[in-house]
Amino acid sequence: MLEMLVSHGYCAKMGRSLYSRQRGTRRRSGLLDTEKQRSPSFSPFCTCTGGLPAQKPGSTPIHDACCEPDGTHRCVIEYFEGFGSAFDLGYTALVRYAISVVVSSAMLLGCGARSSLEATAVSVGGTTSFAGATAGGAPTGGQPVGGVPSFSGTSSAAGGTATRSVATIAAGYQVTCISFDSGAVQCWGWNNLGQIGNGTLTDSVVPVQVSGVNDANAISTGKGSSCAALRGGTIRCWGDNSYGQLGNGISNSSMGPVSGITNGVAVSAGQDFSCAILDDGVVQCWGYNGTGQLGNGIPSAVGTAKPVTVSNIGNSTAVSAGQGHTCTLLSDRTVRCWGLNNYGQIGNGTTTNTLVPTSALGINDAVEVSAGDEYSCATLSSGTIQCWGSNSLGKLGTGSLSDSSVPMAVLGISDAVAVTSGRSHTCALLSDGTILCWGDNTFGQLGTGTTTNSSVPMRVSGLSAAKAVAAGVNHTCAILHNGSVLCWGSNYHGALGNGTTTNSPVPVLVIGF
């Protein structure tokens with residue numbers, strides 16, 4: 008729930024990329040801004056490993072997309088959480104961070120005709136999870152690219168010093184988790200319910216290894232529980248299971264796989280419930296359903312310990328579980344939400360709860376969606392952001408404190424590549440690698456060096472070259488291009504990962520990164 012390439016490169020453009028289903032295709036097209044999480048001053052994300060550069064229409068070389076001698080197209084892109092959509096390819100997908108892709112040369116413009124891409128790995132993280140959708144036809148602009156880049160970082164936490172590639176990051180209720188391209192997962196912060204997954208109930212102020220998870224493609228953490236989408240298609244959750252939010256069919260906190268899911272490609276943990284996207288675009292949810300957040304039309308305050316299918320959704324490319332509602336991005340770039348709607352967080356112009364998916368008004372070009380605490384936000388293909396629902400403390404970014412039951416434009420943002428929604432604050436990653444935040448700043452979660460709230464976007468102090476951002480309940484974290492992980496805001500339980508429990512209004516380095 009709380010919880011995102013270079014403008015001159017094709018792969019970079021794919022930025023708002025599209026993340027194909029795990030094992031499925033994943034692409035990015037000329038969006039560039041989305042994946043642009045990198046600044047134009049950085050090298051292209053997609054690099055040639057051999058062979059000749061692919062060509063843009065008109066025979067313009069694309070130095071970051073290559074046609075290999077062996078007839079394949081290889082592209083490694085540094086990615087970040089939650090975005091992506093290959094608009095000109097006719098499908099959408101969202102991703103979060105590091106992936107390597109190998110595509111048949113016959114599928115790329117400049118190497119031949121275009122078709123689908125097949126990612127060798129898939130990463131999705133944060134509250135908003137992205138899955139990919141395939142599409143045929145040749146894009147009208149830019150080069151197709153697949154895969155999310157990997158970010159290298161050196162970590163000495165949880166067992167020795169090793170260079171690893173950071174894949175995804177997620178921030179929740181005083182908890183932060185990160186996954187690596189190796190499949191390993193580390194978490195830190197509040198652990199009263201076992202949500203950091205190391206087999207204890209003791210908080211940790213530094214990253215610790217999640218037990219038994221070594222093949223994760225994506226990570227998400229909500230309220231009291233965390234989940235990972237694994238490479239084999241299963242999903243594993245741990246922590247609180249009071250409402251069946253671990254999805255294992257029982258009421259205890261066993262760390263077993265989510266029952267019945269063998270083809271999952273993305274997962275999002277919210278408040279007492281979780282949702283996943285399957286490789287056919289279907290969405291399934293489990294856990295608390297008192298306000299209809301599971302989307303199956305049958306509310307239940309008791310909760311559901313096994314996944315139920317969300318009604319009338321078969322082409323989802325991203326899902327985000329919030330506080331009492333859920334939103335999904337469809338392959339046609341529209342957004343549908345369901346569940347609690349007391350502040351208009353469904354975006355349909357009313358404040359009436361909805362038990363099944365309902366369209367957010369006026370959204371038809373979204374590349375990402377993020378559901379927070381009684382509000383929602385979406386990144387559009389234009390680089391703008393729209394938010395709707397509760398506007399407590401200015402978290403909609405409209406310059407006022409008025410709630411809105413329809414999407415409203417966030418002020419002053421035209422080059423966003425990702426948005427992440429927390430409890431009462433929101434952050435956006437821009438194409439130049441900087442981060443803007445707005446809303447509640449009681450604990451310094453806006454990263455401005457103060458604790459003054461803001462109803463308009465404010466730049467995070469001293470931070471640039473970011474490739475991913477994740478907003479938790481009262482803290483925020485980011486991954487930089489150099490592999491560093493920084494956090495700021497509330498640190499009562501060690502969610503900043505810097506070895507202390509002292510709040511920080513400016514970014515601090517997570518130990519080991």
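Counted the way my numbering counts, the sequence shown spans residues 8 to 520.
All C-beta atoms, glycine included, are put in the ideal place defined by N, C-alpha and C.
The beta carbon of glycine 390 is closer than 8 Å to those of Asp40, Ile420, Ser421, Asp422, Ala423, Val424, Ser438 in its chain, skipping five residues each way along the sequence.
About 6 Å separates the Cβ atoms of valine 182 and isoleucine 203, confirming a contact at the 8 Å cut-off. If you check the CB distance, serine 366 and valine 426 do not come in under 7 Å. Beyond the five residues adjoining it in sequence on each side, asparagine 270 comes within less than 7 Å, by CB distance, of Gly240, Leu285, Asp286 in the same chain, given in chain order.
Using a Cβ distance threshold of 7 Å, tryptophan 395 and serine 407 do not count as a contacting pair.
Look at serine 431 here: in three-state DSSP terms it is coil, with no helix or strand label.
Three or more Cβ pairs closer than 8 Å define a contact, and the segment 290-300 meets that threshold against the segment 271-281. The residue from Gly429, Ala472, Leu368 with its alpha-carbon nearest to that of asparagine 398 is Gly429. When C-alpha distances from arginine 343 are compared across Ile442, Asn371, Val217, Val213, the shortest belongs to Asn371. Relative to the Cα of aspartate 210, the nearest Cα in the group Ala472, Asn221, Cys194, Ser218 belongs to Cys194. Annotated three-state conformation of leucine 400 is helix, per DSSP. When the beta-carbon positions are compared, alanine 236 and alanine 273 come within less than 7 Å of each other. Residue pairing of glutamine 278 in beta bridges, as defined by DSSP: Lys230. Here asparagine 259 carries a coil assignment [DSSP, helix/strand/coil]. The straight-line gap separating the alpha-carbon atoms of serine 431 and glycine 404 is approximately 11 Å.
Between the segment 354-361 and the segment 318-325, the count of C-beta pairs closer than 8 Å stays below three; the two stretches do not touch. Ser232 is the residue among Gly219, Ala177, Ser232 whose C-alpha sits nearest the C-alpha of asparagine 198. The shortest CA-to-CA distance from glycine 329 to any of Gly369, Ala177, Pro314, Ala276 is the one to Ala276. Beta-carbon to beta-carbon, isoleucine 226 and isoleucine 185 are separated by about 7 Å, close enough to satisfy the 8 Å threshold. Following the DSSP letters along the chain, one finds serine 186 inside the beta strand (DSSP E) bounded by residues 182-187. The beta carbons of asparagine 498 and threonine 508 sit closer together than 7 Å. Threonine 365 is bridged by DSSP to Cys344.
Fully contained in the segment 429-465 are the following beta strand (DSSP E) runs of length 3 or more, in chain order: 432-437, 442-446.
The beta-bridge partner set that DSSP reports for asparagine 349 is empty. Beta-bridge partners of isoleucine 486 (DSSP): Ala475, Val492.
Cα atoms of alanine 177 and cysteine 494: separation of roughly 11 Å, rounded to the nearest angstrom.
Within the same chain, Cβ atoms closer than 7 Å to the Cβ of alanine 478 are found at Leu9, Glu10, Ala178, Thr427, Ser428, Gly429, His432, Thr433, Cys434, the five residues on either side in sequence being excluded.
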